[in-house]
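A short write-up of the structure that comes next.
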């Protein structure tokens with residue numbers, strides 16, 4: 001796991017500037033810094049040494065080729081064995097050593113051979129010199145880029161705040177970014193909060209040569225062997241999922257540094273905790289909760305799972321009085337506004353994992369998006385109206401579309417309406433067109449749309465950025481290609497069966513985790529902000545101080561009176577809608593302030 005950066009084309013960039021870029025991502029790669037510069041190009045890497053620690057120095061080199069890499073390749077030993085039969089030789093056990101030999105053999109298709117998570121940059125000087133950027137099919141590792149004003153140079157980095165240190169960084173904010181954030185809870189890609197800065201979508205391949213830029217997609221290869229035998233049933237899918245996950249986790253638990261698991265108390269993390277505990281003796285598990293009595297407290301479920309699995313359990317307790325300082329710290333690492341309240345918890349949890357001496361943590365993310373674990377998916381799919389997708393769109397919003405009309409300033413509302421806005425017809429039209437194509441039904445259409453358009457930017461970006469803020473690599477078993485292929489092969493009636501969402505996961509988990517966890521109602525991991533944004537609580541005071549201040553930067557977008565009304569409502573008769581809107585504006589204001597500090 002690392003952080004990477006570089007440029008291709010144009011004039012040489014001062015090495016001190018690159019030092020500044022690398023320094024902004026130091027936490028994500030504190031073990032070693034490597035860089036190589038050539039005629040019109042630079043590749044750099046900050047290394048978090050996980051696999052093949054004594055070796056694996058970057059950039060990697062072959063004749064006419066240079067490469068930097070962020071991520072982990074879990075099938076690197078099988079790939080190394082294959083490449084050895086082709087005449088390649090290796091020293092050490094670093095997973096990144098296989099990348100350039102694979103690229104020599106397979107060209108751009110080499111990414112289809114990789115099982116893991118990755119963002120890879122290759123400078124190929126063998127024929128027409130070019131830069132190529134590759135991302136994994138789930139979009140687990142971030143990569144941002146922009147073109148210089150002349151179009152002659154492309155610059156990229158794993159983090160926006162690092163990329164912004166370059167002297168020609170296009171810092172202009174997209175005027176519609178706030179609407180995109182409040183309408184989608186995060187800035188969905190491939191655009192970013194900056195007008196001329198882009199991010200690579202899952203499964204992308206970018207090529208840049210002589211001022212010419214192309215971006216395409218590499219398909220996720222189908223694997224019929226990965227499907228359940230015979231007619232798909234919940235039981236068959238569960239058995240196959242269990243088999244695949246055990247194989248995947250045996251590789252993901254293999255590292256040269258200590259590995260732990262995150263145990264939220266929910267179904268998915270409890271299942272992965274149990275599988276990991278069966279494979280690794282004396283496994284450490286981590287859970288986070290808040291001092292005091294709060295709604296939706298899951299710590300007792302996590303403790304029950306830890307006892308059941310025999311893990312060394314670490315219960316991390318956050319003091320809500322410390323939240324204001326924590327908000328300012330974690331928002332700086334997000335790169336872009338993200339309204340998920342539990343981002344604060346995620347940031348603090350990874351900090352505790354780091355302080356306990358771990359560099360790798362396994363999480364249960366991704367199962368809901370693959371196997372239809374959220375009611376919004378099945379609710380929308382069962383809607384027979386022309387606006388069937390609206391249930392999904394409304395659930396995605398931090399602030400409902402009608403509330404936004406009251407919240408925005410007249411000037412900003414006019415701008416949003418003229419542009420169509422996030423709540424325009426674009427998402428619905430896209431989903432309708434996909435359903436009309438006949439390739440998939442409504443449920444599978446929604447799931448696959450979400451996996452590419454929302455999930456990487458709302459969830460995976462914060463897992464990546466907030467983990468790496470503390471030098472912790474988050475590994476995600478459910479997002480490995482074999483699991484994704486299995487999920488894609490299952491019909492809707494297997495994913496949601498007899499009213500049970502995510503049915504194959506629940507069935508597979510039954511033999512591993514307590515019944516109380518498998519059968520309890522779904523409860524997403526979150527921060528109870530409705531209860532925490534009340535008089536006397538630290539978050540309440542912070543929101544009042546920042547959002548109601550005369551110089552608040554968010555007042556360029558939202559009406560001061562509307563914010564006062566929300567604050568009054570939350571003071572007198574707290575509601576979930578008012579709390580989430582205030583929280584979203586708090587993150588926005590903190591992010592806007594961090595840009596100029």
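In the UniProt record's numbering, the protein residues as written are 1 to 597.
Where is the CB? At the ideal position from N, CA and C, for every residue including glycine.
The structure presented is a predicted model; accordingly, all values stated were derived computationally and were not measured.
According to DSSP, which residues form a beta bridge with residue 208? 131, 213
List the residues that DSSP assigns as beta-bridge partners of residue 116. 73
Going by the CB atoms, is the gap between residue 261 and residue 286 shorter than 9 Å? yes
How is residue 142 classed by DSSP in three states: helix, strand or coil? coil
Exposed or buried, which one is residue 212 when buried takes at least 16 other CB atoms within 10 Å? exposed
Closest Cα partner of residue 386 within the set 432, 312, 160: 432
Alpha carbon to alpha carbon, what distance is there between residue 337 and residue 27? 20 Å
Go ahead and label residue 180 buried or exposed: buried means 16 or more other beta carbons lie within 10 angstroms of its beta carbon, across all protein chains shown. buried
Report, in whole angstroms, the separation of the C-beta atoms of residue 284 and residue 307, which I expect to be a contact under 8 Å. Between residue 307 and residue 284 the Cβ distance is about 14 Å, and since that is not below 8 Å, they are no contact.
Distance, Cα to Cα, residue 442 vs residue 186? 24 Å
Candidates 234, 454, 526, 539, of which the one nearest residue 498 by Cα: 234
Less than 9 Å between the beta carbons of residue 194 and residue 145, yes or no? no
Could you tell me if residue 14 is buried or exposed, where buried requires 16 or more neighbouring beta carbons within 10 angstroms of its beta carbon? exposed
Leaving out five residues on either side along the sequence, give the residues of the same chain with a beta carbon under 6 Å from the beta carbon of residue 280. 253
On a CA-only basis, which of 79, 561, 30, 101 is nearest residue 67? Give me that one, please. 101
From 448, 121, 509, pick the residue whose C-alpha is nearest to that of residue 132; which is it? 121
State whether the stretch 86-103 contacts the stretch 483-493, with contact taken as three or more CB pairs (one from each stretch) at a distance under 8 Å. no
How many whole angstroms separate the CB atoms of residue 45 and residue 73, which I take to be in contact at a CB cut-off of 8 Å? The pair is not a contact, with the Cβ atoms about 15 Å apart (cut-off 8 Å).
4 or more residues per run - each alpha helix (DSSP H) lying fully within the stretch 391-456: 401-407, 410-419, 426-436, 442-453
Tell me which residues share the same chain as residue 209 and place their Cβ nearer than 6 Å to its Cβ, disregarding the 5 neighbours each side in the sequence. 128, 130
Neighbour-count burial assignment, residue 198, 16 or more Cβ in a 10 Å radius: buried
Stretch-stretch touch, CB-based, cutoff 8 Å, three pairs: the stretch 338-347 with the stretch 576-589: yes
Close beta carbons around residue 114, own chain, < 6 Å, minus the five adjacent residues each side: 73
With a Cβ-Cβ cutoff of 9 Å, do residue 159 and residue 33 count as a contact? no
Roughly how many angstroms lie between the CA atoms of residue 108 and residue 202, to the nearest whole one? 15 Å
So residue 311 is in the beta strand (DSSP E); what residue range does that whole segment cover? Unbroken run through residue 311: none, as it is neither H nor E.
Neighbourhood of residue 351 by C-beta distance below 6 Å, restricted to the same chain and skipping five residues each side: 470
Pull up the distance between the alpha-carbon of residue 399 and that of residue 564, whole angstroms please. 16 Å
In angstroms, rounded to a whole number, what distance separates the CA positions of residue 314 and residue 274? 16 Å
CB-CB under 7 Å to residue 459, same chain, minus the five flanking residues each way: which ones, in chain order? 365
For residue 104, does the three-state DSSP call read helix, strand or coil? helix
Where the beta strand (DSSP E) through residue 5 begins and ends: 2-8
If you count every other CB in all the chains shown that lies within 10 Å of the CB of residue 237, and 16 or more means buried, which is it? buried
Using CA atoms only, rank isn't needed, just tell me which of 140, 163, 8, 214 is closest to residue 125. 8
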